[in-house]
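Shown next, in structure tokens, is the structure this report addresses.
There are 2 protein chains.
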Amino acid sequence: MYYGGIEAGGTKFVCAVGDVHGNILERVQLPTLTPEETIPKVIEFFQHHKIQALGVGSFGPIDINVKSDTYGYITSTPKTAWTNYPFLQALQMELHIPIGFNTDVNVAALGEVTLGAAKGLESCLYITVGTGIGAGAVVQGNLLQGYSHPEMGHILVRRHENDTYIGKCPYHKDCLEGLAAGPAIEERWGKKGVELAHDSKVWEIEAYYIAQALMQYILVLSPEKIILGGGVMKQQQVFPLIREKVASLINGYVDLPPLEEYIVPPSLGDNAGITGALILAKQSEV
Amino acid sequence: MYYGGIEAGGTKFVCAVGDVHGNILERVQLPTLTPEETIPKVIEFFQHHKIQALGVGSFGPIDINVKSDTYGYITSTPKTAWTNYPFLQALQMELHIPIGFNTDVNVAALGEVTLGAAKGLESCLYITVGTGIGAGAVVQGNLLQGYSHPEMGHILVRRHENDTYIGKCPYHKDCLEGLAAGPAIEERWGKKGVELAHDSKVWEIEAYYIAQALMQYILVLSPEKIILGGGVMKQQQVFPLIREKVASLINGYVDLPPLEEYIVPPSLGDNAGITGALILAKQSEV
Ligand SMILES: Nc1ncnc2c1ncn2[C@@H]1O[C@H](COP(=O)(O)OP(=O)(O)O)[C@@H](O)[C@H]1O
Ligand SMILES: Nc1ncnc2c1ncn2[C@@H]1O[C@H](COP(=O)(O)OP(=O)(O)O)[C@@H](O)[C@H]1O
Ligand SMILES: [Zn+2]
Ligand SMILES: [Zn+2]
């Protein structure tokens, strides 16, 4: 029984065929150009395979409210070619199979809670710190959703006392994403994150912002596990700093599991999203 | 078909018998003394009524994880007589009926989503700004729960530029509760909130902190409705200030319903909690 999965990102689309145990049979990667250029290639890939259903984890913002008229659309994205694009409908028109549709980060959380670092739990938070900062969550077994999907990357943080960088978010300037995503690191220090690996003050500030965000997420959602992925989190040395700062910020107010087991990298690595998409595909059948 | 409800607060217990439509047949109010003094009176009240099941909304922190050994306990509360008190067990031992157990604020959220301001929705956030700040949430129809219950009152906020007050939280000093709960208002200004009704700078600062908290909650949870209750929120003039500041903080980044309908007082007023407790009672039967 095979399923299809799409991880639709701002720079690339990953399409895969596989099963719900994390086995991937075939995978292609396509650049994210315009919908007219990219989507026909995506459809062609899946038409060559016998799949039961498809799961899509998409960049956003997207409309995931099934009762909405624009359910399945990419909505107000800065990538203008994709603004108000009926993504789900375009796929459905050609593929005629059940399709699950959610955010890239919610789908990655689903992958990790089903087969990864949060396996066996009812809840987890999956945060990516990369070109942007986004988070998805599984709450009581379900992908978190309310009026819309979470947009946790833009929460407010307090400034680090040694940080004078103005912030990069076009909406909020110095929100979490504006201060701590990859491009903010690069603009603040004049070098890419990967080149700053040995500069401890970089990771001290980075950890301070991420720890504040985790404190807020913990107090609001109380996830059973927090998974930190994305390019910036390849800097493994930042994990212990984050854990230490989370402990000192929360200051014993809430009871938590040992932080080395609680705040962890994705155990599916870069496959969290595509694995989650295959699981979402199966869920869309019911 | 009658149910029992308990709203267990730090200063008083409200016990009621009623139905799931919000009709209350009888209600008593008891002071929160020690468990030995208070609980027998609570039990006696319910023994005089034929109820199907009981719902409890309790002050906390409490253990709401049904798989835990201390499920149903009040855990590390500063009210030392109640520390590690097996609240649910004490009731069950005498009453022999199904009992639902959750936080006071989660239960109030349940009341409002079932019969109040969020009626017909799948999600809502209920925040009380009183002696402390607490919040409960219904997410996709269920009371929010993860590793533990939410503790949203202690999230971090940025200081208002004109606020030099140090903050009152014993754990975090100037977290939301430390800066914006009733006792913080009183200590900052040297007068009770109710006496400061006409002092606009008081409510400007108060609204700034609450608006920041709402921004964080919106970005993390995306509730379909936000209900603000508790003593401090009796100051109706603070609602428009909060809405204005939420709009300017979020700055168009997420799409929201019109804020006058989105950020509202409880429509069950002071009965949100006890009404929710009766509904929780019914839910505990299944
Ligand atoms: N090893 C690394 N160390 C630090 N920063 C990195 C590393 N790899 C990528 N980044 C940064 O992460 C960002 C890209 O994030 P990534 O998660 O790889 O892609 P995207 O978010 O676009 O899907 C860039 O700003 C890049 O500089
Ligand atoms: N009308 C009011 N205006 C401003 N503040 C009030 C008002 N009524 C109560 N408060 C403040 O709210 C706090 C009590 O909160 P309340 O919600 O009534 O009780 P509790 O939180 O203990 O259940 C006190 O600090 C009190 O000063
Ligand atoms: Zn932002
Ligand atoms: Zn606090």
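Going line by line, the protein sequences match chains A and B. According to the numbering used here, the residues represented by the first sequence are 1 to 286, in order. According to the numbering used here, the residues represented by the second sequence are 1001 to 1286, in order. Here a beta-carbon is modelled for each residue, glycine too, at the ideal position from N, C-alpha and C. This structure is a prediction, so every number in the text was calculated from the model and none was measured.
Check: beta-carbon G98(A) near ligand 1 non-hydrogen atom, thresh 6 Å; Outcome: The amino acid at residue 98(A) is misidentified as Gly; the sequence shows Pro. P98(A): no, Cβ never under 6 Å from ligand 1.
Check: Cβ neighbours of A1117(B) in the same chain (closer than 7 Å, five flanking residues each side left out); Outcome: K1225, I1227, V1264, P1266 and S1267
Check: CB-CB length for D104(A) against S76(A), believed under 8 Å; Outcome: That pair is no contact at about 16 Å.
Check: is_contact[H21(A), chain B] using C-beta, thresh 7 Å; Outcome: no
Check: Three-pair Cβ contact test at 8 Å for the segment 274-281 of chain A versus the segment 1166-1177 of chain B; Outcome: no
Check: Cβ neighbour criterion (16 or more within 10 Å) applied to N23(A); Outcome: exposed
Check: Distance cut-off 6 Å: Y1171(B) Cβ against heavy atoms of ligand 4; Outcome: yes
Check: Partners in chain A for P1078(B), counting only beta-carbon separations shorter than 7 Å; Outcome: The premise fails here: P1078(B) is roughly 11 Å from chain A at the closest Cβ pair, so nothing lies under 7 Å.
Check: Opening and closing residue of the alpha helix (DSSP H) in which R243(A) lies; Outcome: V238 to I250
Check: Supposed contact pair L1054(B) and F1046(B) - C-beta distance, whole angstroms, cut 8 Å; Outcome: 7 Å
Check: Contact list for Y1165(B) against chain A, beta-carbon separation under 7 Å; Outcome: Ordered by position in chain A, no residue passes the 7 Å Cβ test against Y1165(B), which lies about 16 Å from the chain.
Check: Near-chain A residues of the segment 1231-1255 of chain B (beta-carbon distance less than 9 Å), N- to C-terminal order; Outcome: L1249, I1250, N1251, G1252, Y1253, V1254 and D1255
Check: Integer Cβ distance of N1106(B) from L1144(B), believed to fall under 8 Å; Outcome: 7 Å
Check: Inter-residue Cα distance where the pair is R188(A) and V1286(B); Outcome: 56 Å
Check: Beta-carbon proximity of S1222(B) to G146(A), cut-off 7 Å; Outcome: yes
Check: 7 Å Cβ cutoff, S1148(B) in contact with chain A; Outcome: yes
Check: Residue range of the beta strand (DSSP E) that includes K12(A); Outcome: K12 to G18
Check: Cβ contact (3+ pairs, closer than 8 Å) linking the segment 1117-1128 of chain B and the segment 1193-1209 of chain B; Outcome: no
Check: Interface residues of chain B facing Y171(A) [CB-CB closer than 9 Å]; Outcome: I1250, N1251, G1252 and Y1253
Check: Start-to-end residues for the alpha helix (DSSP H) that takes in S29(A); Outcome: The question names Ser, but residue 29(A) is Gln in the sequence shown. Not the alpha helix (DSSP H): Q29(A) falls in the beta strand (DSSP E), residues I24 to P31.
Check: Sequence-distant residues of its chain with Cβ nearer than 8 Å to V1254(B) (five each side left out); Outcome: I1218, L1219 and S1222
Check: Start and end residues, beta strand (DSSP E) containing L214(A); Outcome: Looking at the DSSP string, L214(A) is not in any beta strand (DSSP E); the run it does join, the alpha helix (DSSP H), is S200 to L221.
Check: R1243(B) versus E1260(B): straight-line alpha-carbon distance, rounded; Outcome: 7 Å
Check: Cβ of Q140(A) within 7 Å of any chain B Cβ; Outcome: yes
Check: Heavy atom of ligand 3 within 6 Å of E177(A) beta-carbon; Outcome: yes
Check: Cβ-Cβ separation, N142(A) to Q1283(B) (assumed contact under 8 Å), whole Å; Outcome: Their Cβ separation, rounded to whole angstroms, is 18 Å, which puts Q1283(B) and N142(A) out of contact at 8 Å.
Check: Inter-residue Cα distance where the pair is Q1235(B) and M233(A); Outcome: 45 Å
Check: Within-7 Å CB hit, K283(A) to chain B; Outcome: Position check: residue 283(A) holds Gln in this sequence, whereas Lys was assumed. No, its Cβ sits nowhere closer than 7 Å to a Cβ of chain B.
Check: Continuous alpha helix (DSSP H) stretch holding G1130(B): start and end; Outcome: Where G1130(B) is concerned, there is no enclosing alpha helix (DSSP H), given that its DSSP letter is neither H nor E.
Check: Coarse secondary structure for T1103(B), derived from DSSP in three states; Outcome: strand
Check: Q1212(B): contacting residues in chain A (beta-carbon distance under 7 Å); Outcome: L156
Check: Terminal residues of the alpha helix (DSSP H) in which E151(A) lies; Outcome: Segment: none, E151(A) is in no alpha helix (DSSP H) and carries neither H nor E.
Check: Integer-rounded CB distance, given that K1041(B) should sit under 8 Å from Y1002(B); Outcome: At roughly 19 Å, the Cβ-Cβ gap does not stay under 8 Å, so Y1002(B) and K1041(B) are not in contact.
Check: Minimum Cβ-Cβ distance from S1123(B) to chain A less than 7 Å; Outcome: yes
Check: Min CB distance S1222(B) to chain A below 7 Å; Outcome: yes
Check: Whole-angstrom C-beta distance between G1130(B) and P1150(B), which should lie under 8 Å; Outcome: With a Cβ gap of about 16 Å, P1150(B) and G1130(B) do not count as contacting.
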